[in-house]
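**Q** Quick note: to get my numbering, add 1342 to the position in the sequence shown (first position is 1). Note that CB positions come from ideal geometry on N, CA and C, so glycine has one too. All values reported here derive from a predicted model rather than from experimental measurement.
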Amino acid sequence: MEEFDFDQVIDRRGTYSYKYDGLQKVFGTNDLLPMWVADMDFAVPSSVVKAIRRRAEHPIYGYTFRPESYYESIVRWMDKRHGWNIEREWIQYSPGVVPALNMVVQGFTDPGDGVILQSPVYHPFFHAIHLNHRKLLNNQLIKLEDNTYVFDFDDLVEKAKEAKLLLLSNPHNPVGRSWNEEELRHLGEICVENNVLIVSDEIHADLTLPGHRHIPLANLSEEIACHTITCMAPSKTFNLAGLSTSSVIISDPEVRKRFKEITESLHIGMGNLFGMEASQAAYNHGAEWLNALLEYIQGNIDYARSFLKENLPEIVMSPIEATYLLWLDFLNTGMTGEALHDFMISKAKVGGNDGSMYGPGGEGFLRLNIACPRRVVEEAFTRIYNAFNAISK
Ligand SMILES: Cc1ncc(COP(=O)(O)O)c(C=O)c1O
């Protein structure tokens, strides 16, 4: 069995990494541990490097197309990993999930139409609504006593009456929920009854942690499938975000036809040569790497949870069922907004994401990306602890 070394610290500075080389521009300083942008500090599976190297050695990188083997690798992955039996024809290409969300908003709704999201949620969902001049309908998540989040179904029933589209994060970034079958079925049925189309953004599906199971929304019933456009990608799973390759899975022929018209009009279908090679290699040979990765991430989450419990009990961490993103509640510390931002950047020197960027419900929270070697996670929490002690004196 191949050994995977997730403990290895790899210097990413000087590689045009947004997470590292973008620090100065975004935070005003380079002097931070970068734990913000959602990519990982781990090397990709060796099969991916080999596939890219092999292709790079041929010195012509002209227009391309995706071969049948590319589609077959996705079909097999969805079946094996998620028990979802999809057909090859259902798979459409998009350079990214966020572009796909926007294409759906533009192609399936009109300016002024209601689009639902569920805050706190990944901030480009807001942009997809505002920048396309649609009406934002926020079906805010409910936070329970134990810091778990659930859907607000009573509110959803009302919002669905005036909505054309719902943008779902499944699993949810940033609150870490892997929505269960009952929750998804209920949400799907409300949308079907009100003829609301759903974009189920399942980019974090493969990062569902041990003990939990990802449910593809469109696999729940024929009716729900007809109302669902699913976005999937190897980018989060295998750390390939710079290769611009993702899939939009649509079983309904009419919905698929419309989506195809949009991608054809934009002429983006040819895609990225290296992304295609990497995606195939990862789906075909990356399962063992992914299993080891998920164990490692779980270890990082466990470390963070016990560190906070022992040393900083006023910072509350939500249960994480999927993703490598911690969702930390600082409200008990009395620091929100500017004060929290200043504490993290000037005092702790850890670059996380302010919760407020994820909309209502995010104020006073911090999203921290722990997809990095354990010793970096340890360093981050030690920095936060020391900074806390310094300001409490
Ligand atoms: C929920 C969610 N959707 C989409 C993306 C990004 O997708 P892409 O880079 O394919 O546009 C992210 C990245 O963090 C995400 O968390």
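1. Check N1674 in the structure and name its three-state DSSP category.
2. Would L1529 and L1498 be called neighbours here (beta carbons separated by less than 8 Å)?
3. Using 8 Å as the threshold, is the C-beta distance between R1397 and E1619 below it?
4. According to the Cβ coordinates, are Y1700 and P1462 closer than 8 Å?
5. Decide if L1539 is buried, meaning its Cβ has at least 16 other Cβ atoms within 10 Å, or exposed.
6. Are the stretch 1482–1492 and the stretch 1719–1726 touching, with three or more C-beta to C-beta distances below 8 Å?
7. Where DSSP assigns a beta bridge to F1707, which residues make up the other side?
8. Have a look at E1525 and G1628 and give me their C-alpha separation to the nearest angstrom.
9. Should L1654 be labelled buried (16 or more other beta-carbon atoms within 10 Å of its own) or exposed?
10. Do T1371 and I1687 have their C-beta atoms within less than 8 Å of each other?
11. Taking a contact to mean a Cβ-Cβ separation below 8 Å, would you say K1689 touches D1373 in this structure?
12. With H, G and I counted as helix, E and B as strand and the rest as coil, what does DSSP make of I1604?
13. Closer than 7 Å: is that where the CB of D1543 sits relative to any heavy atom of ligand 1?
14. Given D1671, which residues of its chain have a CB within under 8 Å of its CB, disregarding the five upstream and five downstream residues?
15. Within its chain, find whatever has a CB closer than 6 Å to the CB of F1616; leave out the 5 residues flanking it on each side and keep chain order.
16. Which one or two residues does DSSP pair with V1534 in a beta bridge?
17. With distances taken Cα to Cα, identify the nearest neighbour of C1573 among I1566, A1560, F1580.
18. Would the stretch 1399–1414 and the stretch 1540–1556 be scored as touching if the rule is three or more Cβ pairs under 8 Å?
19. Which term fits P1313, buried or exposed, when burial requires 16 or more other beta carbons within 10 angstroms of its beta carbon?
20. Quickly, what does DSSP pair M1382 with across the bridge? List them, please.
21. May I have the straight-line CA-CA distance separating I1639 from A1713, to the nearest angstrom?
22. Opposite T1550 in the DSSP bridges: which residues?
23. Below 8 Å on the Cβ atoms is my guess for R1598 versus Y1645; work out the distance and round it to an integer in Å.
24. Is the CB-CB distance between P1387 and F1580 below 8 Å?
25. Could you tell me which residues DSSP puts in a beta bridge with L1508?
26. Following a CB-centred definition, is Y1464 positioned closer than 7 Å to any heavy atom of ligand 1?
27. Below 7 Å CB to CB, which residues in the same chain sit around V1534 once its five sequence neighbours on both sides are set aside?
28. Alpha carbon to alpha carbon, how far is Q1434 from K1602? Give it in angstroms, no decimals.
29. Is the beta carbon of G1518 sitting closer than 8 Å to the one on W1378?
30. List the endpoints of the continuous beta strand (DSSP E) containing K1477.
31. Since Y1491 sits in a beta bridge, which residues does DSSP pair it with?
32. Start and end of the alpha helix (DSSP H) containing Q1640?
33. Using the rule of at least 16 other Cβ atoms within 10 Å of the residue's Cβ for burial, across every protein chain shown, is D1696 buried or exposed?
34. Buried or exposed, going by whether 16 or more other CB atoms sit within 10 Å of the CB of S1436?
35. Could you please give the first and the last residue of the uninterrupted alpha helix (DSSP H) stretch that includes S1389?
36. Whole angstroms is fine: what's the gap from K1422's alpha carbon to S1593's?
**A** The structure says:
1. helix
2. Yes.
3. yes
4. yes
5. buried
6. no
7. D1671
8. Looking at the two C-alpha atoms, the distance is approximately 30 Å.
9. buried
10. yes
11. no
12. helix
13. yes
14. By the criterion of a C-beta distance shorter than 8 Å, D1671 is surrounded in its chain by N1489, I1657, V1658, M1659, S1660, G1706, F1707, once the five residues flanking it on both sides are discounted.
15. Cβ neighbours of F1616 within its own chain (closer than 6 Å, five residues either side excluded): I1394, L1585.
16. Note: V1534 sits in no beta bridge, so no partner.
17. A1560
18. Result no; under three Cβ-Cβ pairs closer than 8 Å.
19. Not covered by the structure: residue 1313. The range shown for the chain is 1343 to 1735.
20. DSSP, once it has assigned bridges, lists no residue as partnering M1382.
21. 6 Å
22. Paired residue(s): A1664.
23. The beta carbons of R1598 and Y1645 sit about 44 Å from each other, so the pair does not count as a contact at 8 Å.
24. yes
25. Paired residue(s): I1458, I1540.
26. yes
27. Once the five neighbours on either side are set aside, the close Cβ partners of V1534 are E1565, I1566, H1569.
28. 7 Å
29. no
30. 1477–1480
31. K1485
32. 1629–1653
33. buried
34. buried
35. 1388–1398
36. 19 Å
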